[in-house]
Amino acid sequence: MARPMRIVAVCDDSGLTTVRVLIRHDMETGFRKRKDGTLVPAHFIKHVTVRHVQKTVLSAEWGGGVSKNPSLFCYFRGGVPGDSVEVSWVDTQGETNKKATIITRGKSD
Amino acid sequence: MRDAGFLGALLGLSEVGFLKLAYGNNVTWNNQAFNAETLPAAISALTSQPVIQDASGSIQFIAPPIAENGAVVPVGIKVDESLQVRAIALLCEKNPRPLAAYYELSPEAIPFIRTRIKMSETASVFALVKTDEGFIIADKLIKVTRGGCGG
Numbered sequence: 006m007a008r009p010m011r012i013v014a015v016c017d018d019s020g021l022t023t024v025r026v027l028i029r030h031d032m033e034t035g036f037r038k039r040k041d042g043t044l045v046p047a048h049f050i051k052h053v054t055v056r057h058v059q060k061t062v063l064s065a066e067w068g069g070g071v072s073k074n075p076s077l078f079c080y081f082r083g084g085v086p087g088d089s090v091e092v093s094w095v096d097t098q099g100e101t102n103k104k105a106t107i108i109t110r111g112k113s114d
Numbered sequence: 247m248r249d250a251g252f253l254g255a256l257l258g259l260s261e262v263g264f265l266k267l268a269y270g271n272n273v274t275w276n277n278q279a280f281n282a283e284t285l286p287a288a289i290s291a292l293t294s295q296p297v298i299q300d301a302s303g304s305i306q307f308i309a310p311p312i313a314e315n316g317a318v319v320p321v322g323i324k325v326d327e328s329l330q331v332r333a334i335a336l337l338c339e340k341n342p343r344p345l346a347a348y349y350e351l352s353p354e355a356i357p358f359i360r361t362r363i364k365m366s367e368t369a370s371v372f373a374l375v376k377t378d379e380g381f382i383i384a385d386k387l388i389k390v391t392r393g394g395c396g397g
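Those protein sequence lines, which keep their order, are chains A and B. To convert, note that position 10 of the first sequence is 15 in the working numbering; the numbers rise steadily by one, no gaps. To convert, note that position 45 of the second sequence is 291 in the working numbering; the numbers rise steadily by one, no gaps.
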């Protein structure tokens with residue numbers, strides 16, 4: 006994958022699931038200048054969706070104000086170890102990626 | 247003029263259609279809010295309803311008072327779980343485009359979001375929270391020792 010992502014989903018004893026997502030992406034705002042003074046064109050992730058067994062729990066819209074190599078945290082109830090969690094994103098140039106993981110038992114933070 | 251508007255609507259529709267195809271879900275990106283150049287403009291693009299200052303401390307920021315690197319400022323927003331939170335917007339007052347992120351939450355989601363944002367300079371960050379009872383807002387000043395816009 007050109008733009009890899011990492012997802013971890015853990016469910017603690019209280020039934021709270023924590024999803025941690027790291028995406029490799031430059032998140033160019035369109036305001037940054039190169040050394041020769043020309044602008045680097047905008048290119049950033051616009052949407053991120055977190056699904057728990059096909060059901061959307063979090064839907065994020067992002068702008069260029071989110072840092073390079075963005076992170077996303079999502080907390081929800083109703084998940085159990087073994088359930089699937091899928092994270093997908095689309096950027097301003099229509100590039101997309103998605104990755105799924107299985108909830109494991111662990112400690113939330 | 248009517249033709250231009252019609253064409254614009256058609257283009258808008260086709261873009262949404264394309265994103266739906268690419269993404270397989272209902273996709274909307276609030277163009278007006280994300281392109282707003284001032285904080286009040288961004289807020290009014292997010293809601294036309296009155297926005298009430300959070301006086302009861304329902305909104306809690308998890309963020310450092312001083313950020314050494316403005317390119318990566320960790321910000322968390324935690325809202326009282328007794329409120330039915332539908333959406334949380336994260337805005338930075340002095341950025342060229344104040345709206346950084348907008349999160350829509352399902353009823354199962356805990357109203358707690360965390361991400362890392364860019365800050366051009368020392369500024370207040372704002373959390374605009376959409377609840378079943380209306381919109382509430384809170385802010386926190388974050389000092390930035392090195393700006394995150396130059397690169």
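We put the CB at the ideal spot given by N, CA and C, even for glycine.
### Query
Where do the N-terminal and C-terminal ends of the beta strand (DSSP E) with Pro286(B) fall, by residue?
Judged by DSSP secondary structure, Pro286(B) falls outside any beta strand (DSSP E) and instead within the alpha helix (DSSP H) spanning 285–292.
### Message
Just to confirm, is the Cβ distance from Thr361(B) to Ala373(B) under 8 Å?
### Response
Contact flag unset, no.
### Query
Is Gly69(A) close to chain B, meaning its C-beta is less than 8 Å from at least one C-beta of that chain?
Judged by the 8 Å Cβ criterion, Gly69(A) is in contact with chain B.
### Task
Please report how far the alpha carbon of Pro344(B) lies from the alpha carbon of Val13(A), in whole angstroms.
Pairing Pro344(B) with Val13(A), the inter-Cα distance amounts to about 30 Å.
### Query
Can Ile388(B) and Pro310(B) be called in contact, C-beta distance under 8 Å?
Result yes, Cβ atoms of Ile388(B) and Pro310(B) sit closer than 8 Å.
### Message
Along the chain, where does the alpha helix (DSSP H) containing Phe280(B) start, and where does it finish?
### Response
In the DSSP assignment, Phe280(B) falls within the unbroken alpha helix (DSSP H) covering 277–281.
### Message
With distance defined between alpha-carbon atoms, name the residue in Gly111(A), Gly87(A), Gly70(A) nearest to Ala279(B).
### Response
If you compare the alpha carbons of Gly111(A), Gly87(A), Gly70(A) with that of Ala279(B), the shortest gap goes to Gly70(A).
### Task
From the DSSP output, in three-state form, read off Thr391(B) for me.
In this structure, Thr391(B) counts as coil in the three-state DSSP scheme.
### Task
Starting from the beta carbon of Ala65(A), find every residue of chain B whose beta carbon is closer than 9 Å, and list them in chain order.
Ala65(A) reaches chain B at Ala347, Tyr348, Tyr349, Glu350, Ile359, Thr361, counting residues in chain order whose Cβ is nearer than 9 Å.
### Message
Is the beta carbon of Thr293(B) closer than 8 Å to that of Arg332(B)?
### Response
Taking a C-beta distance under 8 Å as the contact criterion, Arg332(B) and Thr293(B) do not qualify as a contact pair.
### Query
Roughly how many angstroms separate the alpha carbons of Ala287(B) and Gly87(A), rounded to a whole number?
Roughly 44 Å between the two C-alpha positions.
### Message
I'd like to know if Asn276(B) contacts chain A, where contact means its C-beta is closer than 8 Å to some C-beta of that chain.
### Response
Residue-level contact by beta carbon holds for Asn276(B) and chain A, with a gap shorter than 8 Å.
### Task
Work out the CA separation of Thr54(A) and Lys60(A) for me, nearest whole Å.
Rounded to whole angstroms, Lys60(A) to Thr54(A) spans 10 Å at the Cα level.
### Task
Give a yes or no on whether the minimum CB-CB distance between Val318(B) and chain A is below 8 Å.
At a cut-off of 8 Å between C-beta atoms, Val318(B) counts as an interface residue with respect to chain A.
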